[in-house]
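Take 902 as the starting number for the sequence shown in our numbering and just add one per residue.
The beta carbon of each residue, even a glycine, is placed where N, CA and C say it ideally should be.
One structure is given below, encoded as structure tokens.
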Amino acid sequence: MSAMQIAGRQLEVNKQGHLAYFDDWEPSVATALAEEEGLSLTECHWAVINFLRDYYATHEMPPSPKVVIKTIGAHVSPHTPCTRKHLEGLFPNGGCKQACRLAGLPRYYCHSC
902 MSAMQIAGRQ LEVNKQGHLA YFDDWEPSVA TALAEEEGLS LTECHWAVIN FLRDYYATHE
962 MPPSPKVVIK TIGAHVSPHT PCTRKHLEGL FPNGGCKQAC RLAGLPRYYC HSC
């Protein structure tokens, strides 16, 4: 583990850059991480990030992309069916892995898109 300055806080991260501790996350951390990756978070990004965090807090593992699409897909893509490509479009630097990183989930728990 190493420490990183994120959103004005010194936080521990693993070698993939994911937060070491789920409870260290706050929205400003997600915003700062997204900005580092050239991503501006929209309402749809936040819907995915918040869903990932809520699901992880309940189940101690992230949902599969299929569960994300089935549960909040209509919010992410209201006019056309949500697909993995929609999720990858929201998070172009790694799809679900990037979403998990921004949501403060440990990398080893994240599903591949």
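As a quick exercise: from the options, pick the residue whose alpha carbon is nearest that of residue i.
| i | options | result |
| --- | --- | --- |
| SER994 | LEU940, VAL969, ALA1004 | Sequence inspection shows Asn at residue 994; the Ser mentioned does not correspond to that position. If we check each option's Cα against that of ASN994, LEU940 comes out closest. |
| LEU934 | GLU961, SER978, ARG1002 | ARG1002 |
| VAL969 | ARG910, VAL930, ILE950, THR981 | ILE950 |
| CYS997 | ARG910, HIS919, VAL914, TRP926 | HIS919 |
| GLN917 | MET905, GLN911, TRP926 | MET905 |
| ALA1000 | ASP925, ARG910, LEU912, GLU938 | GLU938 |
| ALA958 | ARG910, GLN911, TRP926 | TRP926 |
Taking 8 Å as the threshold (C-beta atoms), are residue j and residue i in contact?
| i | j | result |
| --- | --- | --- |
| PHE923 | LEU991 | no |
| TYR956 | PRO966 | no |
| ALA908 | ARG954 | no |
| VAL914 | SER929 | no |
| THR981 | PHE952 | no |
When you compare the CB of residue i with every CB in chain D, is at least one pair closer than 8 Å?
| i | result |
| --- | --- |
| LEU991 | In the structure shown, chain D cannot be found, because there is only a single protein chain. |
Can you name the residues that DSSP bridges to residue i?
| i | result |
| --- | --- |
| ILE950 | Per DSSP, none; premise fails for ILE950. |
| ILE907 | ARG910 |
| LEU920 | VAL914 |
Q. How about the stretch 983-1003 and the stretch 938-956: do they share at least three Cβ pairs that are nearer than 8 Å?
A. yes
**Q.** Completely contained alpha helix (DSSP H) runs for the stretch 967-1012, where each covers 4 or more residues
**A.** 985-991, 997-1003
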